[in-house]
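To keep things clear, I will list the structure first and then write my remarks on it.
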Amino acid sequence: LLNTPGEPSSAATCYDGYPLARAGKAAKALKIALYSSVFGDMVSTLVLIALAMPLASFALKMGPVEMTSVMIFALTFIAALSGTSLTKGLVSGIFGILLATVGLDLETATPRLTFGMIELFDGIPLVSATVGMLAFTEMLVQAEAYIRARKTGEEIHKMELLPDDNGVSLEEIREVAPTAVRSTLVGIAAGIIPGLGPTIGAFLAYVVAKKFAKPGDRYGEGDIKGVAATEAADNAVLPASFIPLFAIGLPGSVSAAILVAAFMMHGVVPGPLVFEQHPRLMYGIYVSMLVASFCMLIVGRVGLTFFARIGSVPAVIIIPMVIVFCTLGSFLEHHAMFSVYAMVVLGVVGYFMQRYGYSVVTFLIGFVIGPLFELSLRQSLIVTNHRLEAILHHPIAVGFLVMSVAAAIFFIKPAGKLAQAQQTGV
574 LLNTPGEPSS
584 AATCYDGYPL
594 ARAGKAAKAL
604 KIALYSSVFG
614 DMVSTLVLIA
624 LAMPLASFAL
634 KMGPVEMTSV
644 MIFALTFIAA
654 LSGTSLTKGL
664 VSGIFGILLA
674 TVGLDLETAT
684 PRLTFGMIEL
694 FDGIPLVSAT
704 VGMLAFTEML
714 VQAEAYIRAR
724 KTGEEIHKME
734 LLPDDNGVSL
744 EEIREVAPTA
754 VRSTLVGIAA
764 GIIPGLGPTI
774 GAFLAYVVAK
784 KFAKPGDRYG
794 EGDIKGVAAT
804 EAADNAVLPA
814 SFIPLFAIGL
824 PGSVSAAILV
834 AAFMMHGVVP
844 GPLVFEQHPR
854 LMYGIYVSML
864 VASFCMLIVG
874 RVGLTFFARI
884 GSVPAVIIIP
894 MVIVFCTLGS
904 FLEHHAMFSV
914 YAMVVLGVVG
924 YFMQRYGYSV
934 VTFLIGFVIG
944 PLFELSLRQS
954 LIVTNHRLEA
964 ILHHPIAVGF
974 LVMSVAAAIF
984 FIKPAGKLAQ
994 AQQTGV
């Protein structure tokens, strides 16, 4: 509603959720997000229950070479989020990858791009980058618009609710259903493959949704399909990330890693034997996850009326409040003022990127993927002894590379044609 994601994985939802809120459809956006989230979570949980062992055997085969090919496949989608300019999209993504290399070198521990600042040895904080590039940037844009309106005497825009267009009809549900299903499958895949996580899953789902866009769809300008895509994928990642955890003991996400610690505290070792040694525990976890989905639906519906009215608060009140929350969120990540400074600097950078047509979202994709891509690439070079032909001995990697080429053909070229059509008014 305020273009302020509560976590990095929610950043993609801002792309269409915020324009919907500005158009007076905050309640509609929240309802679509809620229903899609519950759908993605429940379907992913059912997949976890039914296919944990078969799907985990695939994840077990994912070595460094395979992970590198997965990252190349993911990076291919950067151009698809670049809007009307492929060049600016690539520049934004590469800029994100460049900033992701800030910190200590993975092998030699040599400082890179730290300029002698100890605080940068651990890299640029992810929360600071996300909050700065999205929330703080948006507050700068809103503040500029507010000041301009005051000077010129223009009417200041307020996000008023439109009662006649905030419900979700059966026709709209049928319209977003295919997008929610596809995005749920993308989220499940991102959860099964260790290291991808909900942030990448949500962005990939958004790109896939844009690929299947029909004439009249307005992704990035307030399309309910965009909200459904990112929320369904985001919530489908977590249950699916438990598949490699329960089957082979390998956590597929940060949440799954935390669950490993909880298991260990109670003497339970995640892995194939956990189904034989602790069957009641596993079934209890499955049931609790399904119950949690229903609880999310109930709590979301009860609180939706209040949440939808946040956007109607006057800008002179909401802008300072959001900036305060941005500051608190950045500070609490590492309990250091440096995180706040990083948030402010990146917010200013994001403001100028947005002004000159560079994609902030594409920047975040590159920033998130960067560290994992670098690590996997270095490990792959060691495994293959720097021989390119050795990749042929890794069929999964070859498959992802082939899909990368296919993605370049089916995503990048159509995006250029779409941009040309928009410019000519077709």
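Note that the working numbering gives residue 718 to position 145 of the sequence shown, counting from 1, and the numbers run on in steps of one.
Each residue gets a CB set at the ideal place from its N, CA and C atoms; glycine is no exception.
Where Glu744 is concerned, the enclosing alpha helix (DSSP H) starts and stops at Leu743 to Ile765.
With respect to Leu707, Leu905 sits apart: the two C-beta atoms are not nearer than 9 Å.
Its Cα nearest to that of Val616, the residue Gly760 stands out among Tyr591, Thr681, Gly760 and Leu965. According to the DSSP assignment, Ser932 belongs to no alpha helix (DSSP H), since it is labelled neither H nor E. The beta-carbon distance between Leu919 and Ala584, rounded to whole angstroms, is 13 Å. This is too long to meet the 8 Å contact definition. With respect to the 9 Å criterion, Ile773 and Met640 are not classified as neighbours on the basis of their beta carbons. Note on geometry: alpha-carbon atoms of Ile645 and Leu974 lie some 7 Å from one another. In the three-state reduction of the DSSP assignment, Pro684 falls in the strand class. In the three-state reduction of the DSSP assignment, Leu677 falls in the strand class, which pools E and B. The C-alpha of Ile982 lies about 28 Å from the C-alpha of Ala809. The Cβ atoms of Ala805 and Ala778 sit closer than 9 Å to each other. For Arg595, the three-state secondary structure derived from DSSP is helix. The beta carbon of Thr618 is closer than 8 Å to those of Pro812, Tyr859, Met862, Leu863 and Ser866 in its chain, skipping five residues each way along the sequence. Two segments are said to touch when three or more pairs of C-beta atoms, one from each, lie closer than 8 Å; by this definition the region 740-758 touches the region 790-804. By the neighbour-count criterion, in which a residue is buried when 16 or more other Cβ atoms sit within 10 angstroms of its Cβ, Ser609 is buried.
Per DSSP, reduced to three states, the secondary structure at Ile942 is helical.
Residues Asn808 and Ser866 of the same chain have their beta carbon placed closer than 6 Å to that of Asp614, with the five preceding and five following residues left out of the count. Taken through DSSP and simplified to helix, strand or coil, Lys601 comes out as helix.
Per DSSP, reduced to three states, the secondary structure at Lys787 is coil, with no helix or strand assignment. The Cβ-Cβ distance between Ser903 and Ala915 falls below 9 Å. In the structure shown, Met635 falls within a coil segment according to DSSP collapsed to helix, strand and coil.
With respect to the 9 Å criterion, Val704 and Tyr931 are not classified as neighbours on the basis of their beta carbons.
Counting along the chain, Ser583 sits inside no alpha helix (DSSP H), nor does DSSP assign it H or E at all.
Here DSSP, grouped into helix, strand and coil, assigns Asn958 to coil. Contact between Thr687 and Val700 is absent: CB atoms are separated by about 19 Å, not below the 8 Å threshold.
9 Å or more divides the Cβ of Val842 from the Cβ of Leu854.
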